[in-house]
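In this note's numbering, the protein residues as written are 48 to 218. Glycine included, C-beta positions come from ideal geometry on N, C-alpha and C.
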């Protein structure tokens, strides 16, 4: 594969899936841990940087900023696409994950309520959310996954711009 963005993106997607599958099979609570979820971003950043560095070593950094930005962003998009496909598939295969997430969300809302909101209207909203989650549980519709993937792409664009700026400033 000649395009480093595609090569590192597919490689990164496989590594990310392996990382999260390892967490899931070790213990589901680890898979749902927000710190470990965000730690996976290190894989994204490393491979985005390596892809951009390889591209810049071949084509130089004196190009238009958008051209330097393209490779790390393609890398991010591919890794992110594979991650969300895995995430959605895993939730379809294991409905217990949604139950665990709903329970964690209910506990978080109850903790907020116990700490006191200072606003009776906000406290009522929290109670309504708790009641809804306890009665209906959580769902993970495909539209929600696509929305989160799209919002992630905005963050990936910002990361790519930062990597491109760093590489351009080095030379």
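- By the neighbour-count definition (other C-beta atoms within 10 Å, threshold 16), residue 165 is an exposed residue.
- In chain order, 185 place their CB closer than 6 Å to the CB of residue 148, counting only its own chain and leaving out the 5 sequence neighbours on each side.
- The beta carbon of residue 108 sits closer than 8 Å to the beta carbons of 115, 214, 215, 217, 218 from its chain, once the five residues preceding and following it are set aside; these are given in chain order.
- Linking residue 55 to residue 162 through their CA atoms gives a straight-line distance of about 46 Å.
- In this chain, residue 48 is not harboured by any alpha helix (DSSP H), its DSSP state being neither H nor E.
- Ranking 134, 207, 157 by CA distance to the CA of residue 191 puts 134 first.
- Taking 9 Å as the cut-off, the Cβ atoms of residue 125 and residue 53 count as close.
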